[in-house]
Each structure stands twice: as structure tokens, then as C-alpha cells.
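Just below is one structure, and these are the notes that go with it.
Numbering (UniProt numbering), first residue to last: 1 to 366.
Here it is, written out as C-alpha cells:
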């Protein structure tokens, strides 16, 4: 399985330069690298070559691809049609063609995440570097498996316990109607099977995100105070999503710049910008991404023995963090992002007995 590496920060061109340098850095080590970017002209201009919707080799051990959303939507639509044919006796969307579909807001992130998953599953790459928007939308995209799994958990049980769910499973009148529409016997048990398959699929995504050897991010910033503030904000959001942030890359040649206090305990690596098309100084200055990510604080730690949950929330103070418990799970809200913590059986459903915010950690006791 590949390491999925992404870079976060407000400086878009700077982030893309770091992504390219990191791709070359890792490819030079013999890693099979895929550099995946958006459909804008940034990567082609910086690389000095055109890119397409399919991976193309641009250097030894290095391939690059552009996530062209219209193309991905068209290709995935054919898979949707296959699923429809599997479950429905009379297909509904057969005469709707992928070439006519218009991209809706949010589709790009979902399709990009699925593309990353497919490239990862192919086994062709050791590292996949995603040069996305580098903001909260990229982080929410990476956190999509956990968010979707919560919706499935929550609403599947509600449906099963509802009058509609009971009618579907028990009514002798509804079953023949459903049987005439679907290719399967749509009992309550069979209704749960597709949801279970999706849950297993999402669990794989959650497991990858929780493992810093499988997925990690690095913050890219300049010494500008606004860039630093945005980097700290994204650091906190990344922890909310569950993405390990391995370190800070400071785009600067001025050795007097010191951001260590703003990003403690993460290491700050100073990297010079590309000058006159010479990438080597930037490549040579890059850190060991895997090593730094392995040493970084974990976004969440669950201690069943001591009945505690510890969440690392840098960049936020006590007033910016909201904790609620309105169901079997615990909800944390910080920085315009909300996360539902799926607790192990030993803690699930237990009331919170205490909570404190200390040294950037929210510590919850049960």
C-alpha cells in the first residue's frame, strides 16, 4: 500500500513547488511516485510539460496525473450504471450518459478521493502525492470516510427502527412490490448488506488516515504572519479530521526566521524557493517525511483502561473548542469543523464525567 502525502497551506504556488520537489526527492530514492494535481495550469507550468487525466511518466520512478473532474465523473458514471443493473430489474438511468453530466459542488472532492483510493489499490505506487487545494476542503475530503460512516451508522439504525423499516421487513404487501422492482429479496437483512459493504469500504479509508505511515500531511508556510496563522489553523483542523501532520516546511532563505514556538512540538524545516529553474537546493533541503510523521503527535488517543480520550487540538484555545454528548458518541467542534468520536464498546454510551483543555490537548474522562 502507498503512502499518501499532501501539503497544506495558503501559499498555492509554494505548495505545488514543494509537492514537485517532494515527488522528485522520493523518486530519486527509488520510490515509485505518483504526483496527482488539479486541472489548473499550475503543475504543467512548473513541470514544463503537459499533463492528462491518465498517469504519464515524467521522470524515472515518477508519474504525474491531473484530476480532471469531468473525465472522472464520466468514468464513474459507468460504474454507477453497473450497480443499478445489479439491483434494479428495470434500469432508470441507462439513457443518461456520462458525457452530459454537469459537475456539482462537492463532486470534485469525492471523485478525487476515489481516484486516490483506486491508484493506491492498484499497487503500482509506493507514494501518492496529492497537490490539492491545501485548505479545509482538502482536509474534509480526506476525512470523508469517517464522516460518511457516521451518517450510515446513525441513519441505518433509525431506519431499521422506524415504521417504514419495519413495514419493509414485515409487511406481506410491500415485499411483493419490492421484489418486482429489485433483483434481490429486499429484506431488512439484505437491506443492511450494501450498507455493510460501504461501511467496510469506509473503514479501510479511516484506517489509512489514522496510520501516519499510510497518510500524512505537512504544512507549508512563509514567515508572513497571516500565512503562519493559516497554517496553525489548518494544523488544528487536520487533527480534527484525523490526519497526522508531520512537520512544517518554511519557504524562506532567511535563517533568522524562527517559527519553532508557533508549531511546537513539530520540527520546522527551512527550504529555499526555486531560483532560475534550479530545483536541487529545494529538493536537498526537504526533510524525511516518513520519519517526521512517525514522531508527530497522534490526533486522537483512546485509553480504555483509564477511561479517557485525548485529542490533540493545536491552534485552538479552550473557548474555541465545544464538546457535546447527545447520543452514543461524543462530538467535538473546533475551527468550523465537527467530529463525532466513535468510542469502543467499553466507553460507548457512558456519560462524560470531566473534560479539560491542557497543553493543546482536550482530555475527556468517562
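C-beta: ideal position from N, C-alpha, C; glycine also. None of these values were measured; they are calculated from a predicted model.
Look at the beta carbons and you see the stretch 145-154 not touching the stretch 17-28: under three pairs across the two are nearer than 8 Å. In the displayed model, residue 312 falls within a strand according to three-state DSSP. Taking a C-beta distance under 8 Å as the contact criterion, residue 99 and residue 63 do not qualify as a contact pair. At a Cβ-Cβ threshold of 8 Å, residue 347 and residue 366 count as neighbours.
Residue 335 places its beta carbon 8 Å or farther from that of residue 241. Under the Cβ criterion (8 Å, minimum of three pairs), the stretch 289-296 does not count as touching the stretch 31-39. In chain order, 130, 217 place their CB closer than 6 Å to the CB of residue 6, counting only its own chain and leaving out the 5 sequence neighbours on each side.
Measuring C-alpha to C-alpha distances from residue 119 to each of 354, 54, 147, 68 identifies 54 as the nearest. Within 10 angstroms of the beta-carbon of residue 87 lie fewer than 16 other beta-carbons, which makes it exposed. The beta carbon of residue 329 sits closer than 7 Å to those of 340, 341, 342, 343, all from its chain and outside the five residues before and after it, given in chain order.
The C-alpha of residue 361 is placed about 18 Å away from the C-alpha of residue 231. Per DSSP, the unbroken beta strand (DSSP E) holding residue 322 starts and ends at 321-324.
Put simply, the stretch 243-255 touches the stretch 203-221. At least three CB pairs are less than 8 Å apart. In the three-state reduction of the DSSP assignment, residue 149 falls in the helix class.
The continuous alpha helix (DSSP H) containing residue 233 extends over residues 225-241.
One thing to note: residue 250 has its Cβ within 8 Å of the Cβ of residue 257.
Here the C-alpha atom of residue 284 lies approximately 8 Å from the C-alpha atom of residue 25. Going by C-alpha positions, residue 46 is about 14 Å away from residue 59. Taking each of 149, 286, 337 in turn and checking the Cα distance to residue 135, the smallest one comes out for 337.
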